[in-house]
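Participant: First the structure, then my questions, so here it is.
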Amino acid sequence: MIAKETNARTIDCKVVVEGANEPTTPTADRILEERGIAVIPDFLANAGGVTVSYYEWSQNLQQYRWTHEQVNRELQATITKAYVAVRDLAKSKGVTFRTAAYAIALQRVAEAERLRGN
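For the sequence shown, the positions run 1157 to 1274 when my numbering is used.
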C-alpha cells in the first residue's frame, strides 16, 4: 500500500506498477505525480486476467479453442493497444496514466450510449 501517511514521500523509484486493487491512495497518487513518479494503475496493469477470462467465455460460446500461443498473441496485442492509448493520451494532455485511462473509459461508455440512442 502506498499512502501519504506511510511512504508516498519517501518511496524511491521512477515508476509504480500497481499489482493489486487500489494499492495507492488518492492522496499518495497526487504526491507521486508531484514527485514525477509515473503510476500504471491497477486496472491497466492487471487487465490480463480479465481479458483472458473474456477470451475463454467467447471461445466457450462458439465451442472453439485457441492454442496457448494464440491466447498469448491476442493478449499481448490487446494489452499493448490499451497501454499505448493510455500513454499517448496522458502525454498529449499532460495528465496521469490513471486520468487518461478513466478518460478513455468514459469516452467509450459515452460512445456506446450514443450508438444505443440514449
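All C-beta atoms in this analysis are idealised placements derived from N, C-alpha and C, irrespective of residue type, glycine included. Here the structure is a predicted model, which is why all the values come from computation and not from measurement.
Could you spell out where the alpha helix (DSSP H) holding Ile-1187 opens and where it closes?
Facilitator: 1182-1190
Participant: Just mark Val-1265 as buried or exposed, buried being the case when its beta carbon has 16 or more other beta carbons within 10 Å.
Facilitator: Val-1265 is exposed by the Cβ-count criterion.
Participant: Compute the Euclidean distance between the alpha carbons of Lys-1170 and Trp-1213, then round it to the nearest angstrom.
Facilitator: C-alpha of Lys-1170 to C-alpha of Trp-1213: approximately 37 Å in a straight line.
Participant: Where does Ala-1194 fall in DSSP's three states?
Facilitator: Under the three-state reduction of DSSP output, Ala-1194 falls in the strand class.
Participant: Using a Cβ-Cβ cutoff of less than 7 Å, which residues in the same chain neighbour Tyr-1238 once the five nearest sequence positions on both sides are dropped?
Facilitator: With the sequence shown as reference, residue 1238 is identified as Ala, and Tyr is not the correct amino acid for it. Cβ neighbours of Ala-1238 within its own chain (closer than 7 Å, five residues either side excluded): Leu-1200, Ala-1203.
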